[in-house]
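Undergrad: Position in the sequence shown (from 1) plus 365 gives the number in our numbering. Heads up, the beta-carbon is just placed ideally off N, CA and C, and yes, glycines get one too. This is the structure, below, for whatever I ask next.
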Amino acid sequence: MANTLDPMDLKQILSLHLDGLSNRKIGKTLGISRNTINQYMRLFKASEHELQELLSFDDLKLERLFTIHTTIDNERFNRLMSYFNKMNSKLNHPGFTYGYHYECYRNSTKNPYSYTQFLEHYHRKFPKEKGSMKLEHIAGEAMFVDYAGKKLHLVNKETGELEDVEVFVAILPSSQYTYVEACRSQKLEDFIHCCENALRFYGGVPKTIVCDNLKSAVTRSSKYEAQINRSFKDFARHYNCAVNPTRTYSPQDKALVENAVHLSYQRIYYPMHEMIFFNLADLNKEIQKHLKRYNDMLLTRKQASRKELFQRDESHALKPLTQDHYHIKEYKRAKVQKMGYVYFSTDKSYYSVPYRYIGHRTAIEATTTTIEVYYNRQRIAVHKRNPVKGSYNTNKDHLSSTHKNYTDWSPEYFENKARHHGEYVAKCAEHIMANVSYPEIGYKRVMGLIQLHKNYGSNRLNNACKKALELDVVSYKRIGNILKNNIDKHSLFYQCLEEDTPHIPRHDNIRGASTYK
């Protein structure tokens, strides 16, 4: 199935072209068809922009400018390879013919290859004679990385148990200058951290990083077109290099680093085999001592050490390091909720986005310090990362006008609003908020009290609040009834209440309590 090239791939094509690589070499490095590379290069050169300028464009702009699709049909090719594996097991059976098996293949699959292509692919996969080839490595071309199969150990001070640690190995194949580091795991964070430390150790960046098909580097492994982990691809982009995974089950593609691993067993592991380490820092400090001795050893055939070869032939061929360290990113997808927040599942926390994106699906890019939210490759929100679970992180500029007012609610806010309508309105507001168990309830009641001025005016509202305070009947409903029944206008009613006299006149026909004794 055809795939759209990622804008990050387009930038890698541009970077490698500017580094002087041919289209064929770029295709091999990135695992992309040469014809696709040719088409993109024609488009790049036909555009109104210089290649260096295109490299500075953001992902969205590049995606809009160049929309070519690759034509690789992996599913069709994989079906053919699967059939070859079954067919080759019967190669020595009497009466075996390619024609018979081609007919079986053609009848059992959709969109089969032609007979000529069938034979061509078979002989490529199973050549009659296999041999090894001496590879010529160009200075500054690649850095090979791998993990050692055998682990080192730390001792837990409290329990005395042994804790396994991984050992990362990197090598520049031209000079064979080697870097070794112990780390906790092969997880993405540790893998990228080790790769960055290796680049800092070398003081420069090669054109490509050649790695195994481990999960930290490759999301979907393939012998011909592996899918690179997005975070690792972003790391490579940060340091202006490309990632080139080896073919699956093909250790010969990175034979030098495989050899460096075996040499590290001899030169680093064995001299430390009787030593005990309680923490990673001490272990790495000891590794660096033996590593320095290893890199300074004389290579008899070349009459120079690895370090000397690196300084003489390879250090100047590396691209300069960026000043900033890479901050690893975590990628998530989230739908904007009705209240205008996206949910970041790692921390179980919420971050606001502009309210117009409510209902849309967004992409979240998280570092250890920041949270960035993207919609259609455009950044729509940036927040400082908050690790507190269940926290709501709000930028008031993202809220609608209604929501902004809601976030401003406080006792002081409502007292100030009430004071605009009179002294007694403010006192009633303070009284209402002081006599509720939950602040939000008081806020709503005071808001209702203040809204009464729209129908009765501020003066009548202030007078009604005064009478409510005198009679100790302060509530939104009672003040509303005073205004509705125009009781605030009749002074006689209040005069009778103040004199503590009955408001019903005496009459002979009216019986009192004494009648019922």
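Write down every uninterrupted run of the alpha helix (DSSP H) in the segment 407-458 whose length is 4 residues or greater and which is fully enclosed by it, in chain order.
TA: 416-420, 424-430 and 439-453
Undergrad: Would you report the Cα separation of His763 and Ile723, rounded to the nearest angstrom?
TA: Position 398 of the sequence shown, counted from the first residue, corresponds to residue 763. Position 358 of the sequence shown, counted from the first residue, corresponds to residue 723. Their backbone Cα atoms lie some 11 Å apart in a straight line.
Undergrad: Which term fits Gln482, buried or exposed, when burial requires 16 or more other beta carbons within 10 angstroms of its beta carbon?
TA: In the sequence shown, residue 482 corresponds to position 117, counting from 1. Label assigned to Gln482: exposed.
Undergrad: Would you report the Cα separation of Pro372 and Ile797, rounded to the nearest angstrom?
TA: Position 7 of the sequence shown, counted from the first residue, corresponds to residue 372. Position 432 of the sequence shown, counted from the first residue, corresponds to residue 797. Distance from the CA atom of Pro372 to the CA atom of Ile797, rounded to whole angstroms, is 59 Å.
Undergrad: On the DSSP bridge assignment, give the partners of Ile536 in chain order.
TA: Here residue 536 is taken as the residue at index 171 of the sequence shown, counted from 1. Phe509 and Thr543.
Undergrad: Give every residue of the same chain whose Cβ lies closer than 8 Å to the Cβ of Ile633, excluding the five residues on either side of it in the sequence, and list them in chain order.
TA: Working through the sequence shown from its first residue, we reach residue 633 at position 268. Correct list, in chain order: Val545, Ile652, His655, Leu656 and Tyr659.
Undergrad: If you run the structure through DSSP and keep just helix, strand and coil, what is Gln668?
TA: Here residue 668 refers to the residue found at position 303 when the sequence shown is read from its first residue. In the structure shown, Gln668 sits in coil (DSSP, three-state: anything other than H, G, I, E or B).
Undergrad: Nearest to Lys854 by alpha carbon, out of Val718, Tyr739, Ser840 and Tyr821?
TA: Looking up residue 854 in the sequence shown gives position 489. Ranking the options by Cα distance to Lys854, first place goes to Tyr821.
Undergrad: Lys700 lies in the beta strand (DSSP E); which residues open and close that run?
TA: Taking the sequence shown and counting its residues from 1, the one referred to as residue 700 is at position 335. Its beta strand (DSSP E) spans residues Glu695 to Lys700.
Undergrad: Can you name the residues that DSSP bridges to Phe709?
TA: Locating residue 709 in the sequence shown gives position 344, counting from the first residue. In the DSSP assignment, Phe709 forms a beta bridge with Ser714.
Undergrad: Identify the continuous alpha helix (DSSP H) that holds His518 and give its terminal residues.
TA: Mapped onto the sequence shown, residue 518 falls at position 153. Counting along the chain, His518 falls outside any alpha helix (DSSP H), though it belongs to the beta strand (DSSP E) covering Leu517 to Val520.
Undergrad: Any idea what DSSP makes of Ala746, helix, strand or coil?
TA: The residue you call residue 746 lines up with position 381 of the sequence shown. Ala746: strand per DSSP, three-state reduction.
Undergrad: Identify the residues that DSSP records as bridge partners of Asn758: which are they?
TA: Translated into the one-based positions of the sequence shown, residue 758 becomes position 393. BP columns for Asn758 point to Tyr716.
Undergrad: Just list the residues that DSSP pairs Arg726 with in beta bridges.
TA: Numbered from 1 along the sequence shown, position 361 holds the residue referred to as residue 726. Its beta-bridge partners are Lys700.
Undergrad: Counting along the chain, where does the alpha helix (DSSP H) carrying Val626 start and finish?
TA: Looking up residue 626 in the sequence shown gives position 261. First-last of the alpha helix (DSSP H) with Val626: Ala620 to Ser629.
Undergrad: Quick one: Cα of Ser550 to Cα of Phe556, how far?
TA: The count along the sequence shown starts at 1 and reaches residue 550 at position 185. The count along the sequence shown starts at 1 and reaches residue 556 at position 191. So the two alpha carbons sit approximately 8 Å from each other.
Undergrad: Can you pull the DSSP bridge partners for Ala731?
TA: Sequence index remark: in the sequence shown, residue 731 carries index 366 (1-based). Ala731 is bridged to Glu695 and Ile736.
Undergrad: In this structure, how does DSSP classify Pro571 when only helix, strand and coil are distinguished?
TA: Along the sequence shown, one-based indexing puts residue 571 at 206. Correct three-state label for Pro571: coil.
Undergrad: Ala563 to Val510, Cα distance in whole Å?
TA: Within the sequence shown, residue 563 is the residue found at index 198, counting from 1. Within the sequence shown, residue 510 is the residue found at index 145, counting from 1. Distance between the alpha carbons of Ala563 and Val510 is about 9 Å.
Undergrad: Comparing alpha-carbon positions, which option in Arg677, Phe675, Glu730 and Phe642 lies nearest Glu526?
TA: Here the question's residue 526 lines up with position 161 in the sequence shown. Looking at the Cα atoms, Phe642 is the closest of the given residues.
Undergrad: Determine the DSSP secondary structure at Leu648, reduced to helix, strand or coil.
TA: Residue 648 sits at position 283 when you count from the first residue of the sequence shown. Leu648 falls in the helix class under three-state DSSP.
Undergrad: What does DSSP give as the partner residues of Ala607 in its beta bridges?
TA: Here residue 607 corresponds to residue number 242 of the sequence shown, with the count starting at 1. BP columns for Ala607 point to Thr573.
Undergrad: What's the gap between the Cα of Leu848 and the Cα of Thr734?
TA: Position 483 of the sequence shown, counting from 1, holds the residue named residue 848. Position 369 of the sequence shown, counting from 1, holds the residue named residue 734. Rounded to the nearest angstrom, the two C-alpha atoms are 56 Å apart.
Undergrad: What is the DSSP secondary structure of Asp837, counted as helix, strand or coil?
TA: Working through the sequence shown from its first residue, we reach residue 837 at position 472. Of the three classes helix, strand and coil, the one that applies to Asp837 here is coil, per DSSP.
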